[in-house]
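Engineer:
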Amino acid sequence: MKLEENSQFGFMLDQSKCVGCRTCLLSCKDYKDMPVGVNFRRVFETEGGNWTAKEDGSFEQNVFAYYTSISCNHCSNPSCLKACPTGATMKVKWGVVIVEESMCIGCKACAMACPYGAPQFNEKTGHMSKCNGCYERLKEGKNPICVDSCPFRALKAGDIAKLREEYGNLASITPLPNANITRPNLCIVPEKHSLPSGNKSAIFHLPQNIQGVNYDIV
Amino acid sequence: MQQQRRDFLKWSSLFGGLALSPVNLSANMLKTSPIVSKWAGCNVNCGTKCPVKVHTQDGVIKYVSTDDEGDDSFDNRQARACIRGRSSRYKVYNANRLKRPLKRVGKRGEGKFMPISWEQAFDEIAAKMKEVKAKYGNEAFFITYATGTTGTIINRCTKGPWARLLSLYGGYLNYHNSYSTAQISNAMNFFYGGSFASDIATLRSAKLAIFFGANHVETRMGGGGVGYAYQKALEESGCKIIHIDPRYNDSMIGHCDEWIPIAAGTDAALIAGLIYVMIKEDLLDRAFIDKYTIGFSENTLPQDAAKNSSYESYVLGLSDGVEKTPAWASKITKIPERRIIQLAREIATIKPCFIEQGWGVQRHSNGEQGARAIATLACVTANIGIEGTNTGARTGSSKTYDIMGMPCDNPIKDSIPCFLFTDAIYRGKQMSDISDGVRGTTQLKQNIKFIFNTAGNCLTNQHSTIKEVHDILSDESLCECIVDINVTRTPSNNYADYILPDATMLEQEDFIRPSAGYYSNKPYIIYCQKAINPVGEAKPIYEMCLELAKRLGIEKEFSEGRTQKDWLKYLYEESMKKNPLLPSFDKMCEKGLVKFEPVKAAVALENFIKDPIKYPLKTPSKKIEIYSIELAKMQKTWKLKEGQQIVPIPVFESQREGILDPLKQKYPLQFFGYHYKGRTHSSFWEIPQIREANPQEIWINTIDAEQRNIKTGDVVQVRNDLGIIQGIAKVTPKIIPGCAVTPQGAWAKFKNGIDVGTCVNSLASLLPTAISKGNAQHSILVEIAKV
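So the sequence lines, in the order shown, correspond to chains A and B.
If you read the first sequence in my numbering, its first letter stands for residue 1, the second for the next number, and so on.
If you read the second sequence in my numbering, its first letter stands for residue 1001, the second for the next number, and so on.
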């Protein structure tokens, strides 16, 4: 993947291919050397539908499910950047949003501002951290590590204008907020059950938010 | 050794001894040496064996990537490792990693050990081997079924060096079956005379696809495996896809048209209901059925078979007075009657129809019957042997590019079903062919007295009724010595007398190839180039066995003068004689990952359907046996447990802890374990980074949860008469009401008698199935309550 000088970087997620394996999440964590609790990529589960018990004991249902793998969307109108009091959050070449750790005071304002949960606080360093689109790899003409790791080829990265040409403009999908808020550089190919942003008929969650991780397991 | 210790100290100080978050590592190292990249592979037992590229700096792994070669078009696709393979660094530098040989102190099973030297470990183990051989004979040795390192040529768990060592020392008790496929493999032998299955890629020609409990994208999600091929084939075929499963599994995301939820273990009832409709509506090709199969109707039964013992007679109720109508099937399966009727018409009238089952169907107390019933559906609808069809079994591969294993010839032929190893410890001498499925002899000569358990967690965790197993294994008068070889501390090696630290695939040279060729139609072989020295004092098992061979006086016979590398060269060059496509050994070592041209997708039983006389099956009748002649014999001669039966045709059986078991009054929920994306069986559970992404969950349907006042995130207990497990609830519509599930393979951890590690096998019975004597670990009845 080669990015033109003035192009805007972005991601494409094909939800009809994403089966929630979370290889993207772990390959990123491994490559970026991030501890448990810090996830530059997160994979939401969305599920819904109802069951009806019939008189003869059988059941009818309209159950569905889909996954949404999300990192930083390197928004055109990033709320994290506006919230940062020190200027540590900044946009660099290709519109990539980064946190310059040496300038970050760890106030977490960016995390509170971002509706995608992209900025991640690293307890070890005391600073915020986040997906930088694998900036160092982009400069070498390579894909971000998550894209090359996807066993189902559900992720792509590159010039968002080209991605949108091929895959459309959709980015307002539950559980994500409406794209008008921050104008994420993300386009989504929906799963056939995918719901528009703000739809309340499905439940969604990040599994890691429900359970802690214990190290002492034997 | 000194060098290895220094390396170990280096990373252990960098990682604060725990290898949890090496945040400063990259900054420190960047200034020094360049990154070196080597190939290795993921060798746990999902069936796929994906390439792993290991990037090191100064002898320490910096990160792991995967196959990035080629243009990634489907025919030239990259075999991309999944989350499991990508976590290899965390496996190597793990808080639970074994670094030195350990010897038990205190009572067996307490899990207390002290470090000893390798010399002491070898001396004492060899001395104990001599003692056991003298006292009990070689039949007392056993290598337990295990899958923690498979697909490797030398460093593999149950074949390779251990098998060779014990064979040369006079032999050992064999096992047959597996914990994955005991029922289906036996069922298919009786049905087809072997396990035959099409490549998933033939789906591209199908018009309708029916999957029973099959979840390719989760069980084998690595890009080298079936998962990606399944998704790609479905994309290309545009055929209608129906999944029949108690659980809305991840393979239904994207291209699946319909989920038909079914009560667990009732597949044979659904099939009977479907075939009832086909018979009544005259939708069957009788000429086809009569040409290729026996026992469907009365006119093709063997001569000595009883009247009304055909499958058709069963379906019509001529044998038991119960017509297997869609209404009857609906009551058992919980699928609406109307849908069963429609489904029967769909399957019978659309060709080619691809019919497949995963292995979940057969891991039930009536599993052999369910497996055979699904195969019956494929046969009676004439959906076998042509493009776009499958045999009803789990899909297979088109071609295997195999490298020879280490030669070993066990002089002892006695063999037990692997699931009965705990029985063989306390009542081995009572075990016979017709009561326990023992093979190679009519009666065992000895109880198991010495166990080698390499890369295995089946001693306890992956076995059943863990509390009962604890009592058997902790009795030192029964099995006198247990040697456990692993890379990490596990619940199983708590029972060891000696624990030997094994080297991972990143720490030695070896071949890895897909364990059963599950890569669909694109073969590859990996040569592990050894990225780092073994952590601590860990050793490859070839070196361990060589040291023991020296002490047992069989060093020359064992090694034939070869090092591990020499063996790899020898075995590879022997394999080259059979496969001219293999590059030279030097080239293989240099390249690390060698991918071959894609092959044509195999269609199972193609020849048999073309010409059944020229290509007969290996069944007694040379045809497909819907009525099994062998099972009819076993029906008369075998001694079975109370409540069990063997029936020659695949009837729906109400069996132990099934949907119709009266025990359901006390324990109203069916419970089973499913294969989880975060691990392969119990491998990778030691890795916190994986558990964070894929935590252990107990799924319960919204309706059942409401009745019990359970919400997502609640701590709940799942209990039956065998045990209690505790974990976190996930309330979800993605499971049929009346069923609950938790991913199998979590590590058991007992606190006050309660398994807070949430290992499903704490609740599973040790009673084997009737025919194959396999593990029926999905037949569990429970009650769930909030703590």
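Ideal Cβ positions, reconstructed from N, Cα and C, are used throughout, including at glycine.
Please tell me whether A/C21 has its Cβ less than 9 Å away from any Cβ of chain B.
Structural biologist: Along the first sequence, read from residue 1 onward, the residue named residue 21 of chain A stands at position 21. Yes, contact with chain B.
Engineer: Bridge partners of B/M1114, per DSSP?
Structural biologist: Your numbering for residue 1114 of chain B matches position 114 in the second sequence. According to DSSP, B/M1114 bridges with B/K1103.
Engineer: Looking at C-alpha atoms only, which residue of B/D1586, B/Y1542, B/A1187 and B/L1593 is the closest neighbour of B/T1158?
Structural biologist: Taking the second sequence and counting its residues from 1, the one referred to as residue 1158 of chain B is at position 158. Checked all of B/D1586, B/Y1542, B/A1187 and B/L1593; the closest Cα to B/T1158 is B/Y1542.
Engineer: Whole angstroms are fine: how far does the CA of B/M1634 sit from the CA of B/P1650?
Structural biologist: Within the second sequence, residue 1650 of chain B is the residue found at index 650, counting from 1. Within the second sequence, residue 1634 of chain B is the residue found at index 634, counting from 1. Cα-Cα distance, rounded: 14 Å.
Engineer: Just to check my reading of the structure: B/V1221 and A/P207 have Cβ atoms closer than 8 Å, yes? What is that Cβ distance to the nearest angstrom?
Structural biologist: The residue labelled residue 1221 of chain B in the question sits at position 221 within the second sequence. The residue labelled residue 207 of chain A in the question sits at position 207 within the first sequence. Checking the displayed sequence, the identity of residue 1221 of chain B turns out to be Met instead of Val. About 16 Å; that fails the 8 Å criterion.
Engineer: Along the chain, which unbroken stretches of the beta strand (DSSP E) at least 3 residues long are found entirely within the stretch 1040-1065 of chain B?
Structural biologist: Counting only runs of 3 or more, we get 1051-1057.
Engineer: Would you say A/I188 lies against chain B (beta-carbon separation less than 9 Å)?
Structural biologist: As a working note, residue 188 of chain A is residue 188 in the first sequence. For A/I188, the answer is no, since every Cβ of chain B falls outside 9 Å of its Cβ.
Engineer: Only counting the same chain, and skipping five residues up and downstream in sequence, which positions put a Cβ closer than 6 Å to that of A/E5?
Structural biologist: Your numbering for residue 5 of chain A matches position 5 in the first sequence. There are no such residues.
Engineer: For the alpha helix (DSSP H) containing A/T182, list its first residue and its last residue.
Structural biologist: For the purposes of this step, residue 182 of chain A is taken as residue 182 along the first sequence, with counting starting at 1. Note, A/T182: premise wrong, no alpha helix (DSSP H); not H, not E.
Engineer: If the criterion is Cβ atoms closer than 9 Å, does the pair B/D1199 and B/S1398 meet it?
Structural biologist: Taking the second sequence and counting its residues from 1, the one referred to as residue 1199 of chain B is at position 199. Taking the second sequence and counting its residues from 1, the one referred to as residue 1398 of chain B is at position 398. Result yes, Cβ atoms of B/D1199 and B/S1398 sit closer than 9 Å.
Engineer: With distances taken Cα to Cα, identify the nearest neighbour of A/R137 among A/S16, A/D14 and A/K32.
Structural biologist: Here residue 137 of chain A refers to the residue found at position 137 when the first sequence is read from its first residue. Nearest of A/S16, A/D14 and A/K32 to A/R137, Cα basis: A/K32.
Engineer: Which residues does DSSP pair with B/Q1357 in a beta bridge?
Structural biologist: Residue numbering aside, residue 1357 of chain B sits at position 357 when the second sequence is read from its first letter. DSSP output for B/Q1357 lists B/F1212 as bridge partner(s).
Engineer: Would B/A1705 pass as an interface residue toward chain A - the criterion being a Cβ-Cβ separation below 9 Å?
Structural biologist: As a first step, residue 1705 of chain B is located in the second sequence; it is residue number 705 there, counting from the start. No, no contact with chain A.
Engineer: List, in order along the chain, the chain B residues whose C-beta lies closer than 7 Å to that of A/S151?
Structural biologist: Taking the first residue of the first sequence as 1, we reach residue 151 of chain A at position 151. The identity of residue 151 of chain A in the sequence shown is Pro, whereas the question assumes Ser. Within chain B, the residues near A/P151 are R1080, C1082, M1221, G1222, G1223, G1227 and Y1228.
Engineer: Take A/Y67 as the anchor and find which of A/A154, A/G133 and A/V96 has the nearest alpha-carbon.
Structural biologist: Here residue 67 of chain A refers to the residue found at position 67 when the first sequence is read from its first residue. Here the closest residue by C-alpha is A/A154.
Engineer: Look up A/L13 in the DSSP assignment and say whether it is helix, strand or coil.
Structural biologist: For the purposes of this step, residue 13 of chain A is taken as residue 13 along the first sequence, with counting starting at 1. It is a strand residue.
Engineer: Can you tell me whether B/K1711 is buried or exposed, with buried defined as 16 or more other CB within 10 angstroms of its CB?
Structural biologist: Working through the second sequence from its first residue, we reach residue 1711 of chain B at position 711. Label assigned to B/K1711: exposed.
Engineer: Return helix, strand or coil for B/T1149, following the three-state DSSP convention.
Structural biologist: Here residue 1149 of chain B refers to the residue found at position 149 when the second sequence is read from its first residue. Coil, per DSSP.
Engineer: Which value, in whole angstroms, describes the spacing of the CA atoms of B/D1058 and B/A1503?
Structural biologist: Against the second sequence, residue 1058 of chain B aligns to sequence position 58. Against the second sequence, residue 1503 of chain B aligns to sequence position 503. Going from the Cα of B/D1058 to the Cα of B/A1503 covers about 19 Å.
Engineer: Would you tell me roughly how many angstroms separate the C-alpha atoms of A/G57 and B/F1113, rounded to the nearest one?
Structural biologist: Residue 57 of chain A sits at position 57 when you count from the first residue of the first sequence. Residue 1113 of chain B sits at position 113 when you count from the first residue of the second sequence. Straight-line Cα distance between these residues: approximately 54 Å.
Engineer: B/C1545 lies in the alpha helix (DSSP H); which residues open and close that run?
Structural biologist: Here residue 1545 of chain B refers to the residue found at position 545 when the second sequence is read from its first residue. Segment I1541 to L1552, the alpha helix (DSSP H) holding B/C1545.
Engineer: Is A/A65 close to chain B, meaning its C-beta is less than 9 Å from at least one C-beta of that chain?
Structural biologist: Taking the first residue of the first sequence as position 1, residue 65 of chain A is located at position 65. True, the Cβ-Cβ gap to chain B drops below 9 Å.
Engineer: At a Cβ cut of 8 Å, what residues of the stretch 1238-1261 of chain B count as close to chain A, listed as they run along the chain?
Structural biologist: From the stretch 1238-1261 of chain B, only Y1248, D1250, S1251, M1252, I1253, G1254, H1255, W1259 and P1261 have a Cβ closer than 8 Å to chain A.
Engineer: Answer yes or no: does any C-beta atom of chain A fall closer than 9 Å to that of B/W1685?
Structural biologist: For this step, residue 1685 of chain B is matched to residue 685 along the second sequence. Judged by the 9 Å Cβ criterion, B/W1685 is in contact with chain A.
Engineer: Quick check: what's the CA-CA separation for B/H1675 versus B/G1360?
Structural biologist: Sequence index remark: in the second sequence, residue 1675 of chain B carries index 675 (1-based). Sequence index remark: in the second sequence, residue 1360 of chain B carries index 360 (1-based). Taking the straight line joining both Cα atoms gives about 9 Å.
Engineer: On the criterion of 16 or more Cβ atoms from any shown chain inside 10 Å, does B/Q1430 qualify as buried, or is it exposed?
Structural biologist: In the second sequence, the residue the question calls residue 1430 of chain B occupies position 430. Its Cβ having fewer than 16 others within 10 Å, B/Q1430 is exposed.
Engineer: Give me, in chain order, the residues of the same chain whose beta-carbon lies closer than 6 Å to that of B/G1396; leave out the 5 immediate sequence neighbours on both sides.
Structural biologist: Position 396 of the second sequence, counted from the first residue, corresponds to residue 1396 of chain B. Only A1197 meet the Cβ criterion.
Engineer: Run through DSSP, which three-state label would B/T1202 get?
Structural biologist: As a first step, residue 1202 of chain B is located in the second sequence; it is residue number 202 there, counting from the start. If DSSP states are grouped into helix, strand and coil, B/T1202 belongs with the helices.
Engineer: Please classify B/D1755: does DSSP put it in a helix, a strand, or coil?
Structural biologist: The residue given as residue 1755 of chain B occupies position 755 in the second sequence. In this structure, B/D1755 counts as strand in the three-state DSSP scheme.
Engineer: If I measure Cβ to Cβ from B/G1160 and keep anything under 6 Å in the same chain, skipping five residues before and after, which residues do I get?
Structural biologist: Counted from its first residue, the second sequence places residue 1160 of chain B at position 160. These residues qualify, in order along the chain: I1154 and M1406.
Engineer: 9 Å is my cut-off, CB to CB: does A/S16 come that close to chain B?
Structural biologist: Translated into the one-based positions of the first sequence, residue 16 of chain A becomes position 16. With 9 Å as the cut-off, A/S16 counts as an interface residue toward chain B.
Engineer: Roughly how many angstroms lie between the CA atoms of B/V1023 and B/R1551, to the nearest whole one?
Structural biologist: As a position in the second sequence, residue 1023 of chain B is number 23, starting the count at 1. As a position in the second sequence, residue 1551 of chain B is number 551, starting the count at 1. Because the pLDDT of B/V1023 is 45, which lies under 50, any placement of that residue in the model is unreliable, and the number read from its coordinates should be weighed accordingly. In a straight line, the C-alpha of B/V1023 is about 45 Å away from that of B/R1551.
Engineer: Rounded to the nearest angstrom, what separates A/Q211 and B/K1324 at their Cα positions?
Structural biologist: For the purposes of this step, residue 211 of chain A is identified with residue 211 of the first sequence, where counting begins at 1. For the purposes of this step, residue 1324 of chain B is identified with residue 324 of the second sequence, where counting begins at 1. Taking the straight line from one Cα to the other gives about 45 Å.
Engineer: Rounded to a whole number of angstroms, what is the C-alpha to C-alpha distance between B/D1484 and B/N1493?
Structural biologist: For the purposes of this step, residue 1484 of chain B is taken as the residue at position 484 of the second sequence. For the purposes of this step, residue 1493 of chain B is taken as the residue at position 493 of the second sequence. Cα to Cα, B/D1484 sits roughly 6 Å from B/N1493.
Engineer: Please list the terminal residues of the continuous alpha helix (DSSP H) segment that includes B/D1704.
Structural biologist: Translated into the one-based positions of the second sequence, residue 1704 of chain B becomes position 704. It spans T1702 to Q1707 - the alpha helix (DSSP H) in which B/D1704 sits, taken as one unbroken run.
Engineer: State whether the stretch 1378-1391 of chain B contacts the stretch 1604-1613 of chain B, with contact taken as three or more CB pairs (one from each stretch) at a distance under 8 Å.
Structural biologist: Short answer: they touch.
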